[in-house]
Structures are given as structure tokens and as C-alpha cells.
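Engineer: From first to last, the protein sequence lines stand for chains A, B and C. Numbering that gives the first Met the number 0 numbers the first residue of the first sequence as 0 and each following residue consecutively. Numbering that gives the first Met the number 0 numbers the first residue of the second sequence as 0 and each following residue consecutively. Numbering that gives the first Met the number 0 numbers the first residue of the third sequence as 0 and each following residue consecutively. Each residue gets a CB set at the ideal place from its N, CA and C atoms; glycine is no exception. Keep in mind that this is a model prediction, so the values were computed, not measured. Shown below is the structure under consideration.
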Amino acid sequence: MIALLLRDLRLAVRAGGGFGLALAFFTILAVLTPFAVGPETPLLARIAPGVLWLGALLACLLSLDRLLALDAADGTLELLAVAPLPLEGAVAAKAAAHWIVTGLPLALLAPVLGVLLSLPGQGAWVLTLSLGIGTPALSFIGAFGAALTAGVQRGGLLMALIVLPLYVPTLIFGAEAAGRAARGADPATPLMLLGAVSLGCVALMPLAAAAALRVNLR
Amino acid sequence: MPELGKYAAEVLLAYGASGAILGALIAVTLWQARAAKRDEER
Amino acid sequence: MSIWEYANPVRFMGWTGRLLPWLWGGAALLVVGGLVWGFFFTPDDFRMGSTVKIIYLHVPSALMAINGWFVMVVASLIWLIRRHHVSALVARAAAPVGAVMTVVGLVTGAVWGQPMWGTWWVWDPRLTSFFVLFLFYLGYIALWQAIEDPDAAADLTSVLALVGGVFAILSRYAVLFWNQGLHQGATLSLDAEENIADVFWLPLVTTMAGFGLLFLALVLTRARMHVRLRRARARMLRTRVA
Numbered sequence: 000m001i002a003l004l005l006r007d008l009r010l011a012v013r014a015g016g017g018f019g020l021a022l023a024f025f026t027i028l029a030v031l032t033p034f035a036v037g038p039e040t041p042l043l044a045r046i047a048p049g050v051l052w053l054g055a056l057l058a059c060l061l062s063l064d065r066l067l068a069l070d071a072a073d074g075t076l077e078l079l080a081v082a083p084l085p086l087e088g089a090v091a092a093k094a095a096a097h098w099i100v101t102g103l104p105l106a107l108l109a110p111v112l113g114v115l116l117s118l119p120g121q122g123a124w125v126l127t128l129s130l131g132i133g134t135p136a137l138s139f140i141g142a143f144g145a146a147l148t149a150g151v152q153r154g155g156l157l158m159a160l161i162v163l164p165l166y167v168p169t170l171i172f173g174a175e176a177a178g179r180a181a182r183g184a185d186p187a188t189p190l191m192l193l194g195a196v197s198l199g200c201v202a203l204m205p206l207a208a209a210a211a212l213r214v215n216l217r
Numbered sequence: 000m001p002e003l004g005k006y007a008a009e010v011l012l013a014y015g016a017s018g019a020i021l022g023a024l025i026a027v028t029l030w031q032a033r034a035a036k037r038d039e040e041r
Numbered sequence: 000m001s002i003w004e005y006a007n008p009v010r011f012m013g014w015t016g017r018l019l020p021w022l023w024g025g026a027a028l029l030v031v032g033g034l035v036w037g038f039f040f041t042p043d044d045f046r047m048g049s050t051v052k053i054i055y056l057h058v059p060s061a062l063m064a065i066n067g068w069f070v071m072v073v074a075s076l077i078w079l080i081r082r083h084h085v086s087a088l089v090a091r092a093a094a095p096v097g098a099v100m101t102v103v104g105l106v107t108g109a110v111w112g113q114p115m116w117g118t119w120w121v122w123d124p125r126l127t128s129f130f131v132l133f134l135f136y137l138g139y140i141a142l143w144q145a146i147e148d149p150d151a152a153a154d155l156t157s158v159l160a161l162v163g164g165v166f167a168i169l170s171r172y173a174v175l176f177w178n179q180g181l182h183q184g185a186t187l188s189l190d191a192e193e194n195i196a197d198v199f200w201l202p203l204v205t206t207m208a209g210f211g212l213l214f215l216a217l218v219l220t221r222a223r224m225h226v227r228l229r230r231a232r233a234r235m236l237r238t239r240v241a
């Protein structure tokens with residue numbers, strides 16, 4: 000499992016593209032926001048947590064098709080399916096790798112972009128914290144979506160349609176935590192709920208994703 | 000016709016829209032069912 | 000005889016064929032009867048005026064919208080456990096019906112909200128989670144259409160129905176946490192001290208039963224359609240091989 004995780008990480012770094020693209024997308028989105036809604040500082044400060052969360056969500060979504068599609072195309076998935084490692088474990092490793100190359104950098108980059116969107120100080124680190132807690136859920140739900148659509152040609156749009164509604168609870172709790180902190184309120188409750196959603200996804204989504212993958216590999 | 004008061008437009012709109020949507024669903028379902036039956040018996 | 004015998008496709012076509020005219024008739028009778036009763040023969044509410052008449056459409060369709068996903072989950076489970084093809088097709092048949100019921104619930108709600116709350120739409124928990132439910136239906140239907148192999152499609156959509164069901168409930172509570180709303184609480188509940196008055200309640204129950212029958216009739220008709228389509232497809236494949 001660790002070997003698979005390291006392989007995916009190496010591939011993501013060396014093959015180029017996948018690693019930086021999501022981050023670049025996230026940055027561009029943050030820069031485009033003031034153009035869309037105007038440069039007034041109070042307004043930006045108010046919407047910054049939500050916009051950054053939405054941006055993280057979309058950046059995560061965009062990088063999902065790399066999660067399984069490449070391996071499905073070159074036959075690696077078939078090999079993984081007959082490997083001694085359970086397919087659930089393989090999916091979990093791949094989702095974890097996806098999180099390390101997209102979710103984690105997104106969380107670390109977020110406070111910088113928060114400054115650009117004049118997010119108040121204490122909001123910035125809660126934003127990072129909430130993204131750090133919440134993005135694993137995004138990656139693992141995304142792995143499920145990718146597994147469902149692995150057999151579909153050009154399934155990107157379909158995957159978005161399936162995955163985005165599943166992101167609703169994560170987005171609500173994550174953005175609420177960051178928003179509360181930015182308003183000076185206590186973000187503990189939404190953070191805990193976000194942690195619950197995230198842990199639940201990490202524990203259960205590999206099962207669903209592996210079930211879907213087995214069907215697609217049949 | 001009952002007296003609907005000042006909300007007549009809303010009530011009628013709700014009934015009309017629901018009727019149209021449900022009617023469309025029923026019509027499409029029946030039409031597809033008939034087409035499938037023709038298909039099978041061909 | 001086991002209950003599962005009814006899921007045999009030939010038997011299914013037999014008993015649904017005999018039952019469906021009654022279902023359609025009952026649905027038409029109760030829906031039209033309940034609506035006429037509600038529309039013409041009930042008083043206006045003292046606060047909401049005549050808009051209270053929208054309830055006879057709004058509540059039953061919302062109920063069927065939720066019920067639709069529930070049917071899909073149960074049928075999907077039966078498919079995953081017992082591999083009855085008819086069950087998978089029932090799940091497939093329920094999705095568009097549930098989606099349309101969701102739209103009816105949303106539209107009637109919006110029309111009702113306009114005069115009562117002064118706005119077509121608010122980001123109220125109930126409204127929002129209903130909209131999310133509608134998106135779930137769209138994704139499910141799209142997945143059915145995207146996958147060619149019928150058994151694989153049935154398997155994948157079943158998994159999605161189960162996961163989606165969990166997330167739909169999760170979203171419901173997440174949304175509740177996110178925003179307190181304008182929507183009133185439950186109109187009918189067994190433990191509430193004060194329920195809706197009998198004059199509104201009786202026609203409402205009639206339309207609820209009617210919508211239930213309508214839902215069943217639509218789902219069974221659509222399931223029969225899918226069985227037939229699959230037979231036609233199988234025959235086409237056979238003749239191509241021969």
C-alpha cells in the first residue's frame with residue numbers, strides 16, 4: 000500500500016502537469032474573484048472563505064480524472080485488482096496520494112490567497128485547518144466518483160454531476176468553519192462536524208469505490 | 000369556481016404548472032411504453 | 000410460493016399488466032377527486048388565504064420525491080443481493096418519476112413562497128436539501144444513460160443510490176446546520192399536539208394516497224417499458240449472432 004502510494008506520488012511529481020495544475024487553477028480563481036464581484040475590501044473579506052472553499056472543491060474535481068483514468072487506460076488497474084493487496088486498500092492509497100498532491104498544497108496555499116482576498120487574520124489559519132481536515136473527504140468521495148465513471152469514455156462531466164452533490168456536506172461545514180472564524184466566532188463545532196464527515200468518508204468510501212471498480216473491471 | 004381572493008394568480012399558476020409537468024411525465028411515460036411494446040412485438 | 004417469484008420477468012409482466020389499469024384508475028380517481036375537493040370545497044386559511052390550496056399538490060409531490068429515492072435504495076439493495084433484473088429496472092424507472100416529483104414540489108413551493116414570504120426562493124434548509132436531492136436524481140439518471148452494459152450499469156447505479164442516499168440524509172442535516180429557514184415544520188406528524196385542521200387534512204390525505212398510486216403506476220409502467228426494451232435488445236443481439 001505504501002509502495003503504491005509512493006509510486007503515485009512519484010508519478011504525479013515526475014509526469015508534470017497534474018501536480019501544479021490544480022494549484023494554478025486555484026490561484027487563478029482567487030485572482031478572478033475580485034474582477035467578478037468588485038474590489039471592495041469588506042465584500043471580499045466576507046466572501047473569501049466561501050470562494051476559496053469553492054475553488055478548492057473545483058480544483059479537486061478537475062484533477063480527479065487523473066486519479067484512475069490513466070491507470071485504467073494502461074492496464075495498471077487490472078494488475079492492482081489481481082494483486083494480493085485488497086482493491087479497497089489500493090483505492091485508499093490512490094485517494095491518499097491524490098490528497099497529498101492536491102488537497103494538502105491547496106490547504107497550504109489558501110492563507111496566501113486569503114491575504115489577496117483580504118481575509119481577516121484569524122480566518123486564514125482556520126481556513127487552512129478546515130481545508131486540511133476537509134480535503135481528504137473531497138479526495139475520497141472523488142475516488143468513488145472516478146471509480147463509478149472509470150468505464151465511461153469522456154466521463155469528466157458525468158463525474159462532476161455525480162460528485163458535486165456529494166460534496167455538499169463537506170462544503171457546508173468547511174466554509175462555515177472558515178466563515179465563522181473570519182467573523183470572529185468560534186469555529187469549533189463546524190470543524191468537528193467536518194472532521195466527522197471526513198473520517199467517515201476516509202473509512203467508507205474506499206469500500207464503495209472498490210465495489211464500483213470491480214464492476215468496471217469485470 | 001371558488002373565490003380565490005388576491006392570490007388567485009398564484010394558486011392557478013401552481014395548479015397549472017404542476018398539471019403541465021405531471022401531464023408531460025405521464026404522456027412521455029405512456030408514449031415510451033407504447034413504443035417499447037411495438038418494438039417488442041415487431 | 001416465495002415472494003420472489005413475482006420478480007420473475009414473465010410473472011412480473013403478467014401481474015403488473017393485470018394490476019396497472021386499476022392503479023391508473025385509482026390514481027386518477029384519488030388525485031382528481033382530492034384536488035377537486037381541495038380546490039372547490041375547502042375554506043381558505045385565515046392567514047394564508049387561498050394559497051393554502053397549493054398544499055394539495057405541494058405535500059404529496061414532496062413526499063413522493065423522497066419516497067422515490069427510498070424505492071431506488073430498496074430496489075438497488077434487492078438487485079445487489081438477489082440479482083433480480085426486474086428490481087434493477089424498477090430502480091431505474093423510479094428515478095425520473097422521483098426527479099419530476101421533486102420539480103413539482105419545488106415549483107409549487109416557489110409559487111407558494113412568492114406571496115407568503117415575498118420571494119420565489121430562499122436558501123432555506125428544506126428548499127435547499129430538496130434542490131440537492133434533485134441534483135442527486137440527475138446524476139443517477141445520467142449514470143444509467145452513460146453505461147452501455149446493462150448489468151454493469153445496474154451495479155454501478157445501485158452503489159450510487161446507496162451512497163447517494165446516505166449523502167442525501169447527511170446533506171439534509173448539514174443544510175439544517177447551515178441556515179435556519181422560513182419553511183414551516185411538519186404539517187402532519189403523529190406526535191405533534193397541533194396538526195392541520197380536518198377540513199384541510201382529509202383532501203390532503205386523499206391526494207397523498209392518489210400521488211402514491213400515481214407514483215406506483217408510473218414506476219411500474221416505466222419498469223415494464225424497460226423490460227420490453229431489454230427483450231427487444233436481446234432479440235436484436237440474437238439475430239445479429241445468428
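Mind listing the chain C neighbours of GLY74 of chain A? Cutoff is C-beta to C-beta under 7 Å, in chain order.
Structural biologist: Result: empty, since nearest Cβ-Cβ is about 18 Å, beyond 7 Å.
Engineer: Going by CA-CA distance only, name the one from C:VAL158, C:ASN66, C:THR206 that's closest to ALA26 of chain C.
Structural biologist: Of C:VAL158, C:ASN66, C:THR206, the residue nearest in Cα terms is C:THR206.
Engineer: So for ASP185 of chain A, helix, strand or coil by DSSP?
Structural biologist: In the structure shown, ASP185 of chain A sits in coil (DSSP, three-state: anything other than H, G, I, E or B).
Engineer: With a 10 Å radius around its C-beta and 16 neighbouring C-beta atoms as the bar for buried, classify ALA191 of chain C as buried or exposed.
Structural biologist: Bear in mind that the predicted position of ALA191 of chain C carries a pLDDT of just 48, short of 50, making it unreliable; the figure below should be weighed with that in mind. With fewer than 16 other Cβ atoms within 10 Å, it is exposed.
Engineer: Would you mind telling me which residues of chain B sit closer than 8 Å to ALA231 of chain C, beta carbon to beta carbon, in chain order?
Structural biologist: Within 8 Å Cβ-Cβ: ALA35, ASP38, GLU39, ARG41.
Engineer: With a cut-off of 9 Å, does the C-beta of LEU163 of chain A fall near any C-beta of chain C?
Structural biologist: LEU163 of chain A counts as touching chain C.
Engineer: Could you say which of A:ILE171, A:GLY183, A:LEU206, A:LEU61 lies nearest to LEU192 of chain A if we only look at CA atoms?
Structural biologist: Measuring from the Cα of LEU192 of chain A, the nearest candidate turns out to be A:ILE171.
Engineer: With H, G and I counted as helix, E and B as strand and the rest as coil, what does DSSP make of THR15 of chain C?
Structural biologist: Here THR15 of chain C sits in helix by DSSP.
Engineer: Roughly how many whole angstroms lie between the Cα atoms of ILE132 of chain A and ILE80 of chain C?
Structural biologist: In a straight line, the C-alpha of ILE132 of chain A is about 35 Å away from that of ILE80 of chain C.
Engineer: Which of the three DSSP states is assigned to ALA48 of chain C in this structure?
Structural biologist: The residue you asked about is not Ala; residue 48 of chain C is Gly in the sequence shown. Of the three classes helix, strand and coil, the one that applies to GLY48 of chain C here is strand, per DSSP.
Engineer: Using a C-beta cutoff of 9 Å, does PHE38 of chain C count as contacting chain B?
Structural biologist: It does; some Cβ of chain B falls within 9 Å.
Engineer: Would you kindly report the start and end of the unbroken alpha helix (DSSP H) that includes LEU86 of chain A?
Structural biologist: Here the alpha helix (DSSP H) through LEU86 of chain A covers 86 to 97.
Engineer: Would you say the stretch 21 to 33 of chain A touches the stretch 107 to 127 of chain A, given that touching needs at least three Cβ pairs under 8 Å?
Structural biologist: Counting Cβ pairs under 8 Å, three or more are found: they touch.
Engineer: Identify each residue in the stretch 130 to 150 of chain C for which the Cβ-Cβ distance to at least one residue of chain A is less than 7 Å, and report them in chain order.
Structural biologist: Listed in sequence order: VAL131, LEU134, PHE135, LEU137, GLY138, ALA141, LEU142, ALA145, ILE146.
Engineer: Compare the C-beta of ARG267 of chain A against all C-beta atoms of chain C and say whether one is closer than 9 Å.
Structural biologist: Limits of chain A in this structure are 0 at one end and 217 at the other, which puts residue 267 of chain A out of reach.
Engineer: What do you reckon, are the CB atoms on THR50 of chain C and PRO202 of chain C nearer than 9 Å?
Structural biologist: Not a contact, by the Cβ cut-off of 9 Å.
Engineer: List the endpoints of the continuous alpha helix (DSSP H) containing HIS84 of chain C.
Structural biologist: First-last of the alpha helix (DSSP H) with HIS84 of chain C: 84 to 116.
Engineer: Do we get a CB-CB distance below 9 Å when we pair THR15 of chain C with the residues of chain B?
Structural biologist: For THR15 of chain C, the answer is no, since every Cβ of chain B falls outside 9 Å of its Cβ.
Engineer: Taking the C-alpha atoms as reference points, what is the distance between LEU165 of chain A and PHE133 of chain C?
Structural biologist: About 12 Å.
Engineer: Determine the direct distance from the alpha carbon of VAL226 of chain C to that of LEU18 of chain C, and round the result to whole angstroms.
Structural biologist: Cα to Cα, the separation comes out at about 16 Å.
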